[in-house]
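Those sequence lines, one after another, are chains A and B.
If you're matching positions, the first sequence starts at 0 in numbering that gives the first Met the number 0 and goes up one per residue.
If you're matching positions, the second sequence starts at 0 in numbering that gives the first Met the number 0 and goes up one per residue.
What follows is one structure encoded as structure tokens, with my remarks underneath.
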Amino acid sequence: MRPFAVIEAAATGVEHVSKKAVWNCQMCGQCVLHSTGMTCPMNCPKTLRNGPCGGVRPDGGCEVKPEMRCVWLKGYERSQSMPLLPQGWRDHFNHLRPPLDNSLKGTSSWKNLLTKRDRQRPAGWKADEGH
Amino acid sequence: MSVLADKLATGEQIITGELPVVDSGGLDAVRRAYEPYAQWCDAMNATDNTAAHAHASNVSVAIAMMRLEIEPIMQVVCRDKNRLAIQADIVGAALHGVENICCLTGDDITAGDEPESRRVFDLDGPTLVAVASGLARGEYLSGRPLDPPPPLVIGAVENPGAPPLAYRAHRALKKVLAGARFLQLQICYEEPALEQFMAECVRLGVTEKAAVLPSICLAGGVRAFSFMNDEVPGISVPQPVIDRIAGAQTPKEEAFELACEQAEHALSLPGVRGLHLISFRKDDAVARLCERVGIPTRQERASVGHGSHVTV
Chain A
0 MRPFAVIEAA
10 ATGVEHVSKK
20 AVWNCQMCGQ
30 CVLHSTGMTC
40 PMNCPKTLRN
50 GPCGGVRPDG
60 GCEVKPEMRC
70 VWLKGYERSQ
80 SMPLLPQGWR
90 DHFNHLRPPL
100 DNSLKGTSSW
110 KNLLTKRDRQ
120 RPAGWKADEG
130 H
Chain B
0 MSVLADKLAT
10 GEQIITGELP
20 VVDSGGLDAV
30 RRAYEPYAQW
40 CDAMNATDNT
50 AAHAHASNVS
60 VAIAMMRLEI
70 EPIMQVVCRD
80 KNRLAIQADI
90 VGAALHGVEN
100 ICCLTGDDIT
110 AGDEPESRRV
120 FDLDGPTLVA
130 VASGLARGEY
140 LSGRPLDPPP
150 PLVIGAVENP
160 GAPPLAYRAH
170 RALKKVLAGA
180 RFLQLQICYE
190 EPALEQFMAE
200 CVRLGVTEKA
210 AVLPSICLAG
220 GVRAFSFMND
230 EVPGISVPQP
240 VIDRIAGAQT
250 PKEEAFELAC
260 EQAEHALSLP
270 GVRGLHLISF
280 RKDDAVARLC
290 ERVGIPTRQE
300 RASVGHGSHV
310 TV
């Protein structure tokens, strides 16, 4: 194994173990935790990336799993009130996030962040994330 | 140009309706389903496997409507198909002249009668709006050109009554910024929630860019309300409402009265451009409601435009 491949495999393993424990990370490879109130949207049964669907129950329960609090409701509340969260990250909550890049599943989002691989968009995606 | 596009541009009142689901029976079945709405609605939704039950497809019903000279709004949900299939449906329907589309995330498969299915959600409501906007601009999501571009009129939905209430108008704005020009709202039995949502939509500028249409449901009796409350994701019917219908001498009439009150309330709110009508009844309730709350017929409205101008 090449040295870089070893480092990459180790980093991916560390990322998976640590983020799984804290955020129940699903290793989508394109982490958006900072813009979702540090709440992993891949735990939404519909894997939505752009906020809560219209099925949230009056008590805040998930449409699909009523006993679970809506992932996006938690994310919204945390993005509003979590201490130490930079204002920019709070504002990111309303940004339009692109469709998931399914080819990145299982890869390290840390590596994809460093290499800017997670910034690649399909050529026809013109929606500005900053609006 | 679609009638809906025309009305969006002129700022007229817009009344849309939900075509009851069609399974079989040919064009006659579509014609019959349309009959109660015919005089009143500018365009009708061809639903997409509504409540996660399989029916004649959104594309096929929209095309059937074109053949019957009914203006369709083709609903597109993200639950059953990936981005390839969804784009193919939109451009394929547009090939037949279906220009109005309404983008939804969609109820989960657990709401339907085949909960063993695989859920897809490759896109979500807001990204679907953005992808459709790309098609209307002349390119697939991949960047591959689409020439000439289909002249799509893109809409979306929002639920004013689902938590987090304070966020819902922001989500509506996200869809509008992605290209939605009309928003059909989920049925809402909480008047304060609808008021809060509309006030926020006005404040955020949603209503300047898109026609917001609250939904009014014409239900037949107390069972329909219980069904919506228990089985339909995103709709909650408060117990006092159910008690009111159940305790009435004629529940069917009381349900009609409730719908009229809701329609009048919705139309009184600043920023509301019209209504989306959903009838579970086979009688003339749609016509009676429109007459009661002062909605002119389609033809009458065509000659007297009113409302605020919407930038297109």
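Idealized CB from N, CA, C, for every residue including glycine.
Since this is a predicted model, take the numbers as computed values, not measurements.
- Take the alpha-carbon of residue 271/B and the one of residue 262/B: they are about 11 Å apart.
- Taking C-beta atoms as the reference points, residue 12/B and residue 300/B count as a pair closer than 8 Å.
- Beta-bridge partners assigned by DSSP to residue 226/B: none are found.
- Judged by DSSP in its simplified three-state form, residue 65/B adopts helix.
- Between the alpha carbons of residue 214/B and residue 61/B lies a gap of roughly 20 Å.
- When C-beta atoms of the stretch 141–156 of chain B are compared with those of the stretch 90–108 of chain B, three or more pairs fall below 8 Å, so the two segments count as touching.
- Around residue 177/B, the beta-carbon contacts reaching into chain A at under 7 Å are 95 and 126.
- Annotation for residue 27/A: no alpha helix (DSSP H) segment contains it, and DSSP assigns it neither H nor E.
- Partner residues in the beta bridge of residue 278/B, as assigned by DSSP, are 217/B.
- For residue 52/A, a Cβ of chain B is located within less than 8 Å of the residue's own Cβ.
- Here residue 70/A carries a helix assignment [DSSP, helix/strand/coil].
- Under the rule that a run must span 3 or more residues, the beta strand (DSSP E) segments found entirely inside the stretch 57–118 of chain B read 71–76 and 99–103.
- A check of alpha carbon separations from residue 114/B across 208/B, 53/B, 139/B and 25/B identifies 53/B as the nearest.
- The residues 31, 34, 48, 49 and 128, in chain order, have a CB closer than 8 Å to that of residue 96/A in the same chain once the five nearest residues on each side in sequence are set aside.
- Judged by beta-carbon spacing, residue 28/A lies within the 8 Å limit of residue 104/A, meaning their Cβ atoms are closer than that value.
- DSSP places residue 196/B inside the alpha helix (DSSP H), whose first and last residues are 190–203.
- Only those residues of the stretch 113–126 of chain B whose C-beta falls short of 8 Å from the nearest C-beta of chain A are listed: 118, 120, 121, 122, 123, 124, 125 and 126.
- Put simply, the backbone Cα of residue 208/B is about 13 Å away from that of residue 168/B.
- Between residue 70/B and residue 3/B, the C-beta spacing is below 8 Å.
- Collapsing the DSSP output to three states places residue 41/A in a helix.
- By a beta-carbon distance limit of 8 Å, residue 96/B contacts residue 65/B. Their separation comes to about 5 Å.
- Sequence-distant partners of residue 269/B (beyond 5 residues in either direction) whose C-beta falls short of 7 Å from its own C-beta, in its chain, are 197 and 201.
- The stretch 68–78 of chain A makes no contact with the stretch 112–129 of chain B, as fewer than three CB pairs between them are under 8 Å.
- For a Cβ distance threshold of 7 Å, residue set 133, 138, 139, 140, 141 and 142 of chain B lies close to residue 123/A, ordered along the chain.
- Residue state for residue 159/B is assigned as coil, using DSSP reduced to three classes.
- DSSP places residue 175/B in the uninterrupted alpha helix (DSSP H) bounded by 167–176.
- In this structure, the CA atom of residue 122/A is about 10 Å from the CA atom of residue 144/B.
- Of the other Cβ atoms in all chains shown, fewer than 16 fall within 10 Å of the Cβ of residue 102/A; this residue is therefore exposed.
- Just so you know, the alpha carbons of residue 93/A and residue 259/B end up roughly 35 Å apart.
- The DSSP-derived three-state label of residue 54/A is coil.
- Within chain B, 107 and 109 have C-beta atoms less than 8 Å from the C-beta of residue 63/A, given in sequence order.
- DSSP places residue 133/B in the uninterrupted alpha helix (DSSP H) bounded by 124–136.
- Contact annotation: residue 58/B and residue 91/B have beta-carbon atoms nearer than 8 Å.
- For residue 3/A, the three-state secondary structure derived from DSSP is helix.
- Between residue 245/B and residue 178/B, the CB-CB gap reaches or exceeds 8 Å.
- In the DSSP assignment, residue 49/A is bridged to no other residue.
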